[in-house]
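Remarks on the structure that follows.
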Amino acid sequence: MGIVQDTLTAVRKMTKRDVFLDKEQMMNLLMFLPIWDGKMPMPAILKPKPQWTGKQLFSLIIPGPVSLIRNHSTHPDEEDDGPYKWISPGDTKVLIEYGELLSGIVCKSTVGASGGGLMHVLFNEMGHEICGLFYGHIQTVVNNWLLLEGHTIGIGDTFADPQTYQDIQDTIKKAHQDVIDVIEKAHNYELEPTPGKTLRQTFEDQVNRILNDARAKTGSSAKKSLSEYNNFKSMVVSGAKGSDINISQVIACVGQQNVEGKRIPFGFRKRTLPHFIKDDYGPESRGFVENSYLAGLTPTEFFFHSMGGREGLIDTACKTAETGYIQRRLIKAMESVMVTYDGTVRNSNGQVIQLRYGEDGLDGGAVEQQNLPSLKPSDKALRERFRFDASNERYLRKIFTEDVVHDILGNSASLPELEQEWERIKADREILRTIFQTPDQKIYLPCNLNRMIWNAQKIFHVNLRGQTDLSPLKVIDGVEALVKRLTIVPGEDRLSVQ
111 MGIVQDTLTA VRKMTKRDVF LDKEQMMNLL MFLPIWDGKM PMPAILKPKP QWTGKQLFSL
171 IIPGPVSLIR NHSTHPDEED DGPYKWISPG DTKVLIEYGE LLSGIVCKST VGASGGGLMH
231 VLFNEMGHEI CGLFYGHIQT VVNNWLLLEG HTIGIGDTFA DPQTYQDIQD TIKKAHQDVI
291 DVIEKAHNYE LEPTPGKTLR QTFEDQVNRI LNDARAKTGS SAKKSLSEYN NFKSMVVSGA
351 KGSDINISQV IACVGQQNVE GKRIPFGFRK RTLPHFIKDD YGPESRGFVE NSYLAGLTPT
411 EFFFHSMGGR EGLIDTACKT AETGYIQRRL IKAMESVMVT YDGTVRNSNG QVIQLRYGED
471 GLDGGAVEQQ NLPSLKPSDK ALRERFRFDA SNERYLRKIF TEDVVHDILG NSASLPELEQ
531 EWERIKADRE ILRTIFQTPD QKIYLPCNLN RMIWNAQKIF HVNLRGQTDL SPLKVIDGVE
591 ALVKRLTIVP GEDRLSVQ
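Residue numbers (the numbering used here): 111 to 608.
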């Protein structure tokens with residue numbers, strides 16, 4: 111479950127950098143928030159008039175000390191490694207730290223029905239009741255903010271600038287010429303069939319590719335021409351409704367119509383409609399709609415569009431009945447399957463379906479996607495980051511308090527123990543690299559390790575830039591004790607140990 115439709119469009123608008131609320135608006139909106147404690151946060155702007163940001167209002171809606179890092183739908187990947195890792199120029203890095211939205215525009219990837227999103231993390235960390243209340247609170251407050259802001263769509267949102275229309279016309283003209291060139295090649299026996307395909311299939315593939323590229327290119331031109339404040343674009347960017355294809359069809363070009371996955375077939379004698387000459391394999395006669403919905407379709411384009419649309423309607427009607435019956439049969443077949451107390455999955459006759467639920471015993475609702483920090487780095491980078499140099503006293507005093515330094519240097523067993531931990535990290539890394547073939551591969555675990563450490567740092571007010579009184583030896587002992595407690599099947603007998 112996630113936030114949808116008007117609330118999702120509004121929450122994306124509300125958390126932009128340039129959204130400010132005065133005292134009257136802020137206090138009015140906080141009256142709709144049942145968990146508000148009566149304290150107003152410090153305004154982001156004090157003079158000449160106190161102003162609060164939309165991000166501050168969103169932070170007040172978040173019900174607990176959750177921490178989260180997500181990306182906005184328009185976040186460029188190259189920013190993650192560059193100097194803008196934490197200060198995104200487009201405000202596309204969403205950072206929620208201990209229940210406060212510090213940066214980023216909230217969209218579907220943060221509050222939508224996605225694994226690792228805010229809803230998922232809230233449910234896992236705060237429980238179902240608090241998460242359920244959050245659904246109500248965010249919609250009440252954000253929708254009331256939308257009453258002040260407003261959101262509407264008019265014909266003005268579908269217009270592009272003259273240069274864009276010229277680019278669209280040029281692209282379609284070029285696509286037409288390219289298709290004519292392919293037809294001429296086929297007529298002159300110059301077209302080579304691709305391996306495994308007939309000459310006719312090769313011809314259709316090439317024409318389809320040219321026309322699909324034309325639609326993609328015109329759509330991209332149309333999308334670029336729309337301003338940041340375009341209401342079509344705001345719905346697509348937030349993830350509430352629509353896609354780039356919808357925008358391109360309204361503004362630029364509807365594109366190729368298909369029936370049974372192919373271009374419109376010849377239905378009369380060697381032609382699609384009586385309006386065309388026989389043996390016409392060109393784009394128009396085989397269902398390419400070069401007009402946009404805004405410009406309006408010609409009668410033949412409208413006919414082809416209706417053919418494609420009717421196939422969609424029939425498909426929907428048939429699939430509804432078919433999938434409904436499939437679901438009913440699956441429910442009847444599996445209605446008695448359950449996880450029993452010994453961890454196996456059995457039916458009502460006691461027959462074993464799985465020895466462990468999902469082959470790993472993990473709850474699907476708790477599983478999160480994450481990266482492991484030891485998997486990707488080179489040997490040198492791993493040593494610099496994770497190996498503990500206990501002989502370097504200057505390095506130790508920079509990180510630890512005097513008592514911890516004394517404990518490490520004065521204990522003869524500390525050096526071998528730290529070295530043993532380093533060897534274990536290396537051995538674990540080798541095992542992980544045999545399981546996960548690529549360094550960027552995502553790992554699925556029922557707890558987010560990075561977030562657990564992050565939460566602990568916040569709860570215990572750990573200063574990452576100052577000295578710590580936490581001894582690495584104590585950490586190693588604590589982790590070992592935790593691993594011993596985390597047995598999936600408790601018991602000392604041979605089967606349990608196995």
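Heads up, the beta-carbon is just placed ideally off N, CA and C, and yes, glycines get one too.
Taking a cut-off of 8 Å on C-beta distances, the segment 528-537 touches the segment 489-506, as three or more cross pairs fall below it.
Here PRO393 is buried. Its C-beta has 16 or more other C-beta atoms within 10 Å.
Residue pairing for SER213: DSSP places it in a beta bridge opposite LEU205. In the three-state reduction of the DSSP assignment, TRP162 falls in the strand class. Cβ contact annotation for ILE263 (same chain, cutoff 7 Å, sequence separation greater than five): ASN341, PHE342, in chain order.
Under the three-state reduction of DSSP, ILE248 is assigned to helix. For VAL462, the secondary structure class from DSSP, reduced to helix, strand or coil, is strand. ASP354 and VAL347 do not touch by the CB rule: their CB atoms are close to 10 Å apart, not below 8 Å. Comparing C-alpha distances from PRO487 to each of ARG504, THR454, ARG127, ARG539 shows the shortest one belongs to ARG539.
For a cut-off of 8 Å, the C-beta gap from GLU421 to VAL369 is around 6 Å, short enough to register as a contact.
According to DSSP, residue pairing for ARG373 in a beta bridge involves ASN368. Here the C-alpha atom of ASN234 lies approximately 28 Å from the C-alpha atom of MET141. One Cα belongs to ARG310, the other to GLY419, and the distance between them is close to 26 Å. Counting other Cβ atoms within 10 Å of its Cβ, ALA285 reaches 16 or more and is therefore classed as buried. With contact defined as three or more Cβ pairs closer than 8 Å, the segment 247-255 and the segment 158-176 are in contact. Shown here, THR578 sits in a strand according to DSSP, grouped into three states.
Secondary-structure assignment with DSSP links GLU478 through a beta bridge to LEU555. Counting only runs of 4+ residues, the alpha helix (DSSP H) found wholly inside the segment 226-279 occupies 228-236, 238-259, in chain order. Residue environment: ARG373 is assigned as buried (16 or more neighbouring CB atoms within 10 Å of its CB, all protein chains considered).
Counting only runs of 4+ residues, the alpha helix (DSSP H) found wholly inside the segment 121-155 occupies 133-140, in chain order. For the pair THR328 and ILE290, the CB atoms are not nearer than the 8 Å cut-off. The C-beta of MET562 has fewer than 16 other C-beta atoms within 10 Å across all chains shown, which makes the residue exposed. Per DSSP, the beta bridge partners of LEU178 are ILE206. Rounded to the nearest angstrom, the gap between the Cα atoms of LEU542 and LEU485 is 7 Å.
In this structure, ASN481 is the residue among VAL589, ASN481, LEU156, TRP196 with its C-alpha nearest to the C-alpha of THR548. Shown here, PHE510 sits in a strand according to DSSP, grouped into three states. Where VAL221 is concerned, the enclosing alpha helix (DSSP H) starts and stops at 218-221. By the CB criterion at 8 Å, HIS247 and GLY214 fall outside the cutoff.
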